[in-house]
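Novice: Just so you know, we're using our numbering here: the sequence shown kicks off at 1295 and counts up by one. Every residue gets a Cβ at the ideal spot worked out from N, C-alpha and C, and that includes glycine. Handing you a structure now.
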Amino acid sequence: MDTIELNIDGIAAGGEGVGRCEGKVYFVPGSAPGDRLRARPGRDGGSWARAEIVEIIEAGPGRIEAPCPLAGSCGGCQFQHLDAETERDAKLAILADSLQRIGGLDCIPAIRFESSPEFAYRRRARLHGRTLAGDLELGFLAAASHELVPQEGCPLLEEPLQNWVDAFRAHLAGRLRELFTFQAEFTLLEGGALELLLRVESRVGEKVLEALKDWTGPAPIHLTLRALERQRSYQEAAGAPFLLETLRLEPEGRAAMEIRQFTRPGDFIQVNRLANRRMITRVLEQLERPEGSWILDLFAGAGNLTLPLAMTGAKVLGVEEGRGAIRSARRAARENRVARARFKTGRVADLLPQLVEDQRRYRSVVLDPPRTGAPELADWLDPLGVEEILSLSCDPGTLSRDLKAWTAKGFRLEALHLFDFFPQTRHLESLAVLRR
C-alpha cells in the first residue's frame, strides 16, 4: 500500500493526530483535527499503525503555519501547527479520555484550564552539543532519535536564557579542536544569573574547563562540570544552592506571601515560572486545613510546595529521595524562617511504612510524583489517616491508574485543574483533588 486517505478526528496522548482507515487506527505526527490527508503507512502494530503526511488535501480549522522553522524536525514541540484553542481542546480531551478509559471514572468534574504564555516561558533548557573541527553545534534531539538538530534560537526559552545559550556557543566556538559530545543544562536564576550544569566526555573535561575559565557575562555564571560517562566532577559550582526565584503568591482566602526558592545543579525545578505560581496558588486555595493537622508532601523536591504550605501555618513533612534537593529545601526553610517545615530523605515507597510506625496521622497528602506516578501510596492511605489528596501529575495515564486505586479506597474526585506548563508540546500538568 503506497498511500491512504485519512480524516483526522483528534489528538492522541503522544501528540499525534488520529485517523482511521478500513478498521485500523493510524497515528500521524504533525496532523491536526479536521485534516484530510494523504498519508504513507509506516510501522504496523496490528490494529494500529503509524503514518506520515504525504499531502494535506484539506486543512483542519485549527491548523496554522508553525512559527519555528525547526518544527517537525526538532523533537521538542508537537503542536506548533495548532492554534491555541485547538491545542487547549486537545489537551483537555486527552486528560478526560484517560480518566474515563484508564481510571474508570464515569463522571468527572469540569476541568479548569490554566493557560500560559505560548512562547518564551522556559527558564531551563537541556541541550545536546558536539564539536567538529572547532565548530560547535548546540540543539535538541529529533523526535524518537539521537540525531542532533542544531538550533540558533528556540522560541520557547525566556529571552535572557536564550541569550546565555547564544553566548556559550559563541565563547566556545573555535576554542576546542577535539571531536566530542556533551549535554548542557542552562537554568536562569534570580537577577539573570546562570546555573550551567555541563556533562562532557571525561577525556576532554580539563580542556573544556580551561576553555570556559575566562567566560563572563552580564550576571554571575555558576558552572558545574561533570563526566558524561561516570560519577566524576571536574568542578562543582561554589556556594550552591543558589537563589532560583523570589516567589510572590496571593492565594484567594489566604494571606499573600513571598518565598525565596533555592536550587542546586541537577535539582528538579518547574521550568515555567508563571504556571508554577498558578499551580502553587491553586493548591493553597484547594487544601482544607483543620487546626493542628499535619500535611504530608511526597516527592517534595526542593520544597516547591512544602514551604508555601508551611507558610500558611500548617505543619508539613516533605519527603524526597534526592539529597541535593533536600539540602536546597532546608536552605530555603532557613532563609524564609519557616519553622513548621520538616524533611525526610529517602524513597517514598520505603518511608511510607516508617511514617505509619511513627503513629503520626496526616489528614492531607500533597504529591508531585515522577512520570511513573505513585502506585505505592494506595496501601498506606488508611494507616496514615488520610482524608484528602491533592495530586499533581505530568502523565494522565499514571494519574488515572492512581485515581482508580484511590477511589477504590472511598475517595471522590472533587476538582480538576489542567496547567499548561508546556505550550506547543504534548506535555501537560494536572491537579486532582480527592476527599472522603
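Give a yes or no on whether the C-beta atoms belonging to G1597 and A1623 are separated by under 7 Å.
Specialist: Contact flag set, yes.
Novice: Counting along the chain, where does the beta strand (DSSP E) carrying W1588 start and finish?
Specialist: Residues 1588-1592.
Novice: Could you work out which residue in P1355, V1322, E1352, E1359 is closest to G1342 when comparing CA atoms only?
Specialist: A quick correction: the sequence has Trp, not Gly, at residue 1342. Answer by Cα proximity: V1322.
Novice: Only counting the same chain, and skipping five residues up and downstream in sequence, which positions put a Cβ closer than 6 Å to that of G1370?
Specialist: Closer than 6 Å at the Cβ level, and outside the excluded window around G1370, lie F1434.
Novice: Return the bridge partner residues of I1683 from the DSSP annotation.
Specialist: Answer is V1659, L1728.
Novice: How should T1540 be labelled, buried or exposed, when 16 other C-beta atoms within 10 angstroms of its C-beta is the threshold for buried?
Specialist: By the 10 Å Cβ count, T1540 comes out exposed.
Novice: Which of helix, strand or coil does DSSP assign to P1342?
Specialist: One detail in the question is off: residue 1342 reads as Trp in this sequence, not Pro. It is a strand residue.
Novice: How long is the line joining the alpha carbons of F1407 and E1723, rounded to whole angstroms?
Specialist: Approximately 10 Å between the Cα atoms of the pair.
Novice: Taking the C-alpha atoms as reference points, what is the distance between R1641 and A1414?
Specialist: Spanning the two alpha carbons is a distance of roughly 34 Å.
Novice: Going by Cα to Cα distance, which pick from L1543, A1534, L1537, R1497 is closest to R1524?
Specialist: For the residues L1543, A1534, L1537, R1497, the minimum Cα distance to R1524 belongs to R1497.
Novice: Between E1472 and T1425, which are expected to be in contact by the criterion C-beta below 8 Å, what is the C-beta distance as a whole number of angstroms?
Specialist: With a Cβ gap of about 7 Å, E1472 and T1425 count as contacting.
Novice: The beta strand (DSSP E) that contains E1539, what's its start and end?
Specialist: E1539 -> beta strand (DSSP E) spans 1536-1543.
Novice: Counting only runs of 3+ residues fully inside the stretch 1542-1607, write out the beta strand (DSSP E) ranges in chain order.
Specialist: DSSP runs (the beta strand (DSSP E)) wholly in the stretch 1542-1607: 1551-1557, 1588-1592.
Novice: Which residue marks the beginning of the alpha helix (DSSP H) containing G1486, and which one marks its end?
Specialist: Here G1486 belongs to no alpha helix (DSSP H), and DSSP marks it neither H nor E.
Novice: List the residues that DSSP assigns as beta-bridge partners of K1501.
Specialist: The partner list for K1501 (beta bridge, DSSP) is empty, contrary to what the question assumes.
Novice: For E1346 and E1441, I'd like the C-alpha separation in whole angstroms.
Specialist: Using only the alpha carbons, I get a separation of about 19 Å.
Novice: Which residues mark the beginning and the end of the alpha helix (DSSP H) in which V1632 is found?
Specialist: It is not in any alpha helix (DSSP H) - V1632 carries neither H nor E in the DSSP assignment.
Novice: Going by alpha carbons, who is nearest to L1522 out of F1715, L1483, Q1477?
Specialist: Closest by alpha carbon: Q1477.
Novice: Suppose contacts are defined by Cβ-Cβ distances below 7 Å. Is V1312 in contact with A1333 by that definition?
Specialist: It is not a contact, given that the beta carbons lie outside the stated cut-off.
Novice: Count the other CB atoms within 10 Å of the CB of K1507; is the residue buried (16 or more) or exposed (fewer)?
Specialist: Its Cβ having fewer than 16 others within 10 Å, K1507 is exposed.
Novice: Going by beta-carbon coordinates alone, are R1417 and L1482 separated by less than 7 Å?
Specialist: Yes, these two residues count as a Cβ contact at 7 Å.
Novice: To which residues of the same chain is C1368 closer than 6 Å at the C-beta, ignoring the five residues directly before and after it?
Specialist: Hits under 6 Å: F1434, V1443.
Novice: Going by the beta-carbon positions, is the gap between R1463 and L1432 smaller than 7 Å?
Specialist: Their beta carbons are under 7 Å apart, which means R1463 touches L1432 by this criterion.
Novice: DSSP puts Y1320 in a beta bridge; with which residues?
Specialist: G1313, A1343, per the DSSP bridge assignment.
Novice: Between which two residues does the beta strand (DSSP E) carrying T1425 extend?
Specialist: Residues 1418-1426.
Novice: Taking the alpha-carbon positions, what's the F1637 to A1626 distance?
Specialist: Computed Cα separation, rounded: 12 Å.
Novice: Over what stretch of residues does the beta strand (DSSP E) that includes H1516 continue unbroken?
Specialist: That run of the beta strand (DSSP E) goes 1515-1521.
Novice: Taking all protein chains shown into account, decide if Q1653 is buried (16 or more other Cβ within 10 angstroms of its Cβ) or exposed.
Specialist: Its Cβ having fewer than 16 others within 10 Å, Q1653 is exposed.
Novice: Under the three-state reduction of DSSP, which class applies to F1715: helix, strand or coil?
Specialist: Looking at F1715 - three-state DSSP - the assignment turns out to be coil, as it is neither helix nor strand.
Novice: L1488 and W1458 - do their beta-carbons sit closer together than 7 Å?
Specialist: Closer than 7 Å, so yes.
Novice: Taking the alpha carbon of T1666 as the reference point, which residue from E1614, C1688, V1659, V1650 has its own alpha carbon closest?
Specialist: For the residues E1614, C1688, V1659, V1650, the minimum Cα distance to T1666 belongs to C1688.
Novice: Are three or more beta carbon pairs between the stretch 1583-1596 and the stretch 1526-1534 nearer than 8 Å?
Specialist: Counting Cβ pairs under 8 Å, fewer than three are found: no touch.
Novice: For the stretch 1413-1478, list the alpha helix (DSSP H) runs that are entirely contained and at least 4 residues long, ordered along the chain.
Specialist: Whole alpha helix (DSSP H) segments, 4+ residues: 1453-1466.
Novice: Should G1354 go down as buried or exposed, given a rule of 16 or more other Cβ atoms within 10 Å for buried?
Specialist: Buried: at least 16 other Cβ atoms inside 10 Å.
Novice: Once you ignore the five residues that flank R1634 on each side, which residues in its own chain have a CB closer than 6 Å to its CB?
Specialist: Excluding positions up to five away in sequence, the list reads A1604, K1609.
Novice: Can the beta-carbon of G1486 be found less than 7 Å from the beta-carbon of P1535?
Specialist: Not in contact: G1486 and P1535 (Cβ atoms no closer than 7 Å).
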